Amino acid sequence: ADLSRADLSGADLSGTCFQQANLTNADMIGADLTGANLTEVNLIGSDLTGANLSGADLSGAD
């Protein structure tokens, strides 16, 4: 999925599967990514300030 430049700030994304998604330059400030699958995700330029990544899988993410 191409979510580049998406505004996901403050969103409840807990448990979401983003596997191999393009999140380049996405705004995820304060997002809840608890237990999310972020394997092989492109996070280059993304802002994760204050995001909750507890239990998230970031294997192979950029």
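The opening residue of the sequence shown carries number 1 in the numbering used here; numbering runs sequentially from there. Yeah, the Cβ is synthetic: ideal placement off N, Cα and C, and Gly gets one too. Quantities reported herein were computed from a predicted structural model and do not represent experimental measurements.
- In this structure, S46 keeps its C-beta atom at 7 Å or more from the C-beta atom of L13.
- The three-state secondary structure of N42, taken from DSSP, is strand.
- At least 7 Å separates the beta-carbon of T39 from that of G55.
- In the three-state reduction of the DSSP assignment, N25 falls in the coil class.
- D62 sits in coil when the DSSP states are folded into three classes, being neither helix nor strand.
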